[in-house]
Amino acid sequence: MLSPEEDSAWEAPKSLFGPRAKGPTVQRLVLGGHLRRLREECGMTTERAALCIRGSHSKISRMEHGRVGFKERDIADLLTLYGVEAGDEREALLGLAREASTPGWWQGYTDILPHWVEPYFGLEAAASSIREYELQFVPGLLQIPEYAQAVIRLGNAPSEDEVGRRAEARMSRQDILHRDNPPKIWAVLDEGALRRVIGGREVMRAQLRYLIEMCDHPAVTLQILPFSAGAHRALGGPFTILRFAQRDLRDVVYIEQLTSALYLDKQTEVDAYLQVMEEVCLQAEPSAKTPGILKAVLEAL
71 MLSPEEDSAW EAPKSLFGPR AKGPTVQRLV LGGHLRRLRE ECGMTTERAA LCIRGSHSKI
131 SRMEHGRVGF KERDIADLLT LYGVEAGDER EALLGLAREA STPGWWQGYT DILPHWVEPY
191 FGLEAAASSI REYELQFVPG LLQIPEYAQA VIRLGNAPSE DEVGRRAEAR MSRQDILHRD
251 NPPKIWAVLD EGALRRVIGG REVMRAQLRY LIEMCDHPAV TLQILPFSAG AHRALGGPFT
311 ILRFAQRDLR DVVYIEQLTS ALYLDKQTEV DAYLQVMEEV CLQAEPSAKT PGILKAVLEA
371 L
């Protein structure tokens, strides 16, 4: 992600990750961090490194921050320049370069997905924990297909075919919940998101039943923030905090907007959102009460 010296709040336009930059996001970030460390240990400038791969210093910067894909030849040349000419470290980094160039599952949907959301899919897929506050909708990782389609129709999808494909992509995100070592999902859902009927009564009832079912998932913690909690510091809107097992990677706060998204990773800003999340969790009902709350909303619908 961005270094402390750079702007901590960055949007994800095409220029940031390259035109539809392929490859697992986290692998690019990890490899970029290793390249930067090696260069700095050699006391080498980005301009000198750029000459080695027939590029510009800005290309080196983009590589080191994981914003572009990697050519294995470029990585090999840089490793030689940095004195990593043989051994396990070189082989590991070249292997990481190959992994970073492997298209993610979402590449099959790039014609219908906003470019600024694609980095999030890679981060989400690699996260070890995902904490989310949602104000209006059920979180995407916990949506059923019919509910997802109804939410997508609220946007600018031009056709039912596109609605279906976007919903399909959203369901693909949920595969992380069914793998052997799923991330820990801790979601706080405002009561309004449960009371607001999306897609009609039957769809909403099915969605509520699914949430009740997901309360038993060992990787999912779901809390409800009731209307009775009153005002709170998260009223500004939904946000997601992603944490990774890799020590090289900092936490990332993801904030989706109407036509773009923000990715925050400066520690002071991440800490601010973590504090808000902790406060919201304390104001919300304990997760043990969530099934009962959901059943009450379901019965009233």
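Numbering follows this note's numbering, in which position 107 of the sequence shown is assigned residue number 177; successive positions increment by one, without gaps. Glycine is no exception: its CB is placed at the ideal position from the N, C-alpha and C atoms.
Close Cβ partners of residue i (< 7 Å) along its chain, the five nearest in sequence each way excluded
i: Cys351; result: Val258, Gln293
i: Met347; result: Arg201, Tyr203, Ile311
i: Glu216; result: Gly269, Val273, Ala276
i: Leu164; result: Glu142, Ile145, Ala146
i: Trp176; result: Leu183, Glu188, Phe191, Ala239
i: Val233; result: Gln219, Ile222, Arg223, Ala227
i: Pro296; result: Glu261, Glu355
i: Ile214; result: Ala276, Gln277, Tyr280
i: Ile123; result: Asp144, Asp147, Leu148
i: Glu117; result: His127
i: Ile363; result: Ile294, Glu355
i: Ile130; result: Thr116, Ala119, Ala120
DSSP beta-bridge partners of residue i
i: Thr310; result: Glu202, Tyr324
i: Ser340; result: One detail in the question is off: residue 340 reads as Val in this sequence, not Ser. DSSP, once it has assigned bridges, lists no residue as partnering Val340.
i: Gly257; result: Note that residue 257 is Ala in the sequence shown, not Gly. Paired residue(s): Glu202, Leu292.
i: Ala331; result: Glu326
Cβ shell of residue i (< 8 Å), same chain only, five flanking positions each side left out
i: Ser198; result: Pro253, Lys254, Arg313, Phe314, Ala315
i: Tyr343; result: Phe309, Ile311, Val323, Leu334
i: Leu149; result: Leu108, Glu155, Arg160, Leu163, Leu164
i: Leu205; result: Asp260, Gly262, Ala263, Ala304, Leu305, Gly307, Pro308
i: Met114; result: Leu151, Tyr152
Selection from the options that minimises the alpha carbon distance to residue i
i: Gln327; options: Pro308, His248, Gly269, Leu211; result: Pro308
i: Glu169; options: Gln177, Phe297, Arg98, Leu334; result: Arg98
i: Arg266; options: Val221, Asp250, Gly225; result: Val221
i: Gly306; options: Ile282, Asp260, Thr291, Thr329; result: Asp260
i: Ala195; options: Val138, Leu149, Arg249; result: Arg249
i: Ala299; options: Pro288, Ile325, Leu281, Glu355; result: Glu355
i: Ser171; options: His185, Phe140, Tyr152; result: Phe140
i: Ala366; options: Ala289, Gln345, Leu264; result: Leu264
i: Gln353; options: Ile325, Arg320, Ala304; result: Ala304
i: His287; options: His302, Asp321, Leu319, Ile246; result: Ile246
i: Trp256; options: Gln244, Glu283, Thr116, Val290; result: Val290
i: Arg236; options: Tyr152, Pro209, Gly178; result: Gly178
i: Glu111; options: Val100, Gly153, Met241, Ile130; result: Gly153
i: Met241; options: Leu211, Asn251, Gly225; result: Leu211
i: Ala167; options: Leu151, Val138, Arg271; result: Val138
i: Ile282; options: Thr360, His302, Glu369, Gly102; result: Thr360
i: Leu101; options: Asp318, Ala370, Ala358, Gln337; result: Asp318
i: Arg132; options: Arg106, Glu230, Asn251; result: Arg106
i: Thr329; options: Leu371, Ala370, His185; result: His185
i: Pro173; options: Asp341, Pro94, His302, Leu364; result: Pro94
i: Leu368; options: Arg271, Cys285, Ala358; result: Arg271
i: Ala301; options: Lys336, Met284, Glu349, Gln345; result: Glu349
i: Arg243; options: His135, Gln337, Leu193, Gly103; result: Leu193
i: Cys285; options: Ala358, Ile130, Phe207; result: Ala358
i: Glu134; options: Asp158, Gly157, Val96; result: Val96
Bounding residues of the alpha helix (DSSP H) (the contiguous stretch that carries residue i)
i: Asp231; result: 230 to 243
i: Gln277; result: 271 to 284
i: Arg109; result: 95 to 111
i: Val138; result: Element bounds for Val138: n/a, residue is neither H nor E.
i: Lys359; result: It is not in any alpha helix (DSSP H) - Lys359 carries neither H nor E in the DSSP assignment.
i: Thr115; result: That residue, Thr115, is in no alpha helix (DSSP H); it is neither H nor E in DSSP.
Residues of its chain near residue i, where Cβ-Cβ distance is below 6 Å and the 5 sequence neighbours each way are ignored
i: Ser126; result: Ala120
i: Pro209; result: Glu202, Ala257
i: Ile325; result: Phe309, Leu332
i: Ala370; result: none
i: Leu151; result: Cys122
i: Gln345; result: none
i: Gly136; result: Arg98, Leu99, Gly102
Any non-hydrogen atom of the ligand MG closer than 7 Å to residue i Cβ
i: Val187; result: Absence of the ligand MG is noted for the structure shown, with no ligands found whatsoever.
Query raised in the report: Can you give, in chain order, each stretch of the beta strand (DSSP E) that sits fully within the region 144 to 219 and has at least 3 residues?
Result: Taking only runs of at least 3 residues, the beta strand (DSSP E) segments lying wholly in the region 144 to 219 are 199 to 204.
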